[in-house]
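Presented below is the structure to which this report refers.
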Amino acid sequence: MSYILDALKKNKASDEQSEIPDLSSEHAYHEFEEEKSLTRWIWPIVVMLLVLIIGILGFMLLNPSAKEISERWTQKTSNHTPIEEARPLSSDSNLGGKRQVERNQNDTQIVNKPLEVSEPIVQKVQRRTANKSTGTSQRSKTVSKQSEQTSVTKADLPSLVYTTHIYATQPKDRFVMLNGRAYGEGDTISQGLVVKEILENDLVVIYRGREFILPNLEDVNVN
Numbered sequence: 001m002s003y004i005l006d007a008l009k010k011n012k013a014s015d016e017q018s019e020i021p022d023l024s025s026e027h028a029y030h031e032f033e034e035e036k037s038l039t040r041w042i043w044p045i046v047v048m049l050l051v052l053i054i055g056i057l058g059f060m061l062l063n064p065s066a067k068e069i070s071e072r073w074t075q076k077t078s079n080h081t082p083i084e085e086a087r088p089l090s091s092d093s094n095l096g097g098k099r100q101v102e103r104n105q106n107d108t109q110i111v112n113k114p115l116e117v118s119e120p121i122v123q124k125v126q127r128r129t130a131n132k133s134t135g136t137s138q139r140s141k142t143v144s145k146q147s148e149q150t151s152v153t154k155a156d157l158p159s160l161v162y163t164t165h166i167y168a169t170q171p172k173d174r175f176v177m178l179n180g181r182a183y184g185e186g187d188t189i190s191q192g193l194v195v196k197e198i199l200e201n202d203l204v205v206i207y208r209g210r211e212f213i214l215p216n217l218e219d220v221n222v223n
């Protein structure tokens, strides 16, 4: 029994001694805390580095490099330069063609101008001369007619034997007997002599453009 009690006392004393902290135990405790804090920050840093590396690799793979961009730019500029150089040539050629066309038009106009001017003059002269000739002929005809009308008298009428004179209300029913023949209004008795109108007591005739009134049933120029 005493032996057991002694053993318990020894264990209790050793436990109390172990519970008292010393410098070495405190140092070890602080080192353990520092290691624990470091392990907390290491994993997030590693994850961030991995994300950055993956992003850089993806950017490099998806986007073209600066060298490729410069090569593409040089290709575009080389493709555009000949077109820009060719444009002024086409404009110059068009200007040259237009100038040649304008020169040809000017040449043709210079050649055709005297013809265009001369033709209307000839036509106008011909028309004027034709109009003058027709006007003079018409005037001469009217003058001759007037002279004939003034010169014709009743004595110039042909001989007419006036035997019958019929007057009616309807002009178509009127007629006269001259030289043994019946004549109505508008009939031609002889060359230049026409019955114009049959009145109730007179006969109107036209001879060479002049009117003469003849009394009914009176002979004319009968010897």
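Residue numbering for the sequence shown follows UniProt numbering, beginning at 1 and increasing consecutively.
Ideal Cβ placement from N, Cα and C applies to all residues, glycine included.
Counting only residues of its own chain and dropping the five nearest sequence neighbours on each side, G184 has a CB closer than 6 angstroms to the CB of F175. DSSP places A168 outside both helix and strand once states are collapsed to three, so it counts as coil. Assignment of L157 by DSSP, reduced to helix, strand and coil, places it in the coil class. In the displayed model, V152 falls within coil according to three-state DSSP, outside both helix and strand. 8 angstroms or more divides the Cβ of Y207 from the Cβ of V161. Inter-residue distance for T188 and V205 is about 10 angstroms (C-alpha atoms, whole angstroms). Contact check for H165 against N216 passes: the beta carbons are separated by less than 8 angstroms.
E211 carries a strand assignment under DSSP once its states are collapsed to helix, strand and coil. In the displayed model, E185 falls within coil according to three-state DSSP, outside both helix and strand.
In this structure, DSSP gives E197 an extended state, which the three-state scheme calls strand. The beta-carbon separation of L193 and P158, rounded to 6 angstroms, stays under the 8 angstroms limit for a contact.
Around the CB of I198, 16 or more other CB atoms lie within 10 Å, so the residue is classed as buried. Under the DSSP definition of a beta bridge, M177 partners with T164 and A182. If you draw a straight line from the Cα of D173 to the Cα of G186, it is about 13 angstroms long. Beta bridge pairing from DSSP links V51 with no other residue. A straight line joining the alpha-carbon of K76 with that of E68 spans about 12 angstroms.
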